[in-house]
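Every letter in the sequence shown is one number past the one before it in our numbering, and letter 27, counting from 1, is 28. Just so you know, even glycine gets a beta-carbon here, dropped at the ideal spot from N, CA and C. Since we're looking at a predicted model, the values are computed, not measured.
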Amino acid sequence: MFNDKILNCRDCGRDFEFTASEQEFYAEKGFTNEPGRCPECRAAKKAQNRNNGGGYGRQQREMFPAICATCGKETTVPFQPSGDKPVYCRECYQPRSRSNW
């Protein structure tokens, strides 16, 4: 049913083989597009995404200093504290959030 194909990598421009067994795997997974990158460039792209936190180019979230309202420990939070609501460190927040379920 499937035959080996030669495809061209969009990143490095090299030709690579898209084997019949790879095509069968893609079909089993429901993938409709052929790979656009050779195995080496795919691996490099995966490694790059892993090193960037997998955010697909998303920037690191800005963190703001705060003092925990429960234990008084210095912490950082992903929002600018306004001062009108309590802020908790990770250790103090976890038990609170679970008790509300």
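Which residues in the same chain as Thr71 place their Cβ atom closer than 7 Å to its Cβ, once the five residues preceding and following it in sequence are excluded? Tyr89 and Cys93
In angstroms, rounded to a whole number, what distance separates the CA positions of Lys30 and Ile7? 21 Å
Looking at the secondary structure, which residues open and close the beta strand (DSSP E) in which Pro66 lies? Phe65 to Ile68
Local conformation of Glu35 per DSSP, three classes: coil
Excluding the five sequence neighbours on either side, which residues of its own chain have a C-beta within less than 7 Å of the C-beta of Gln24, listed in chain order? Closer than 7 Å at the Cβ level, and outside the excluded window around Gln24, lie Phe3.
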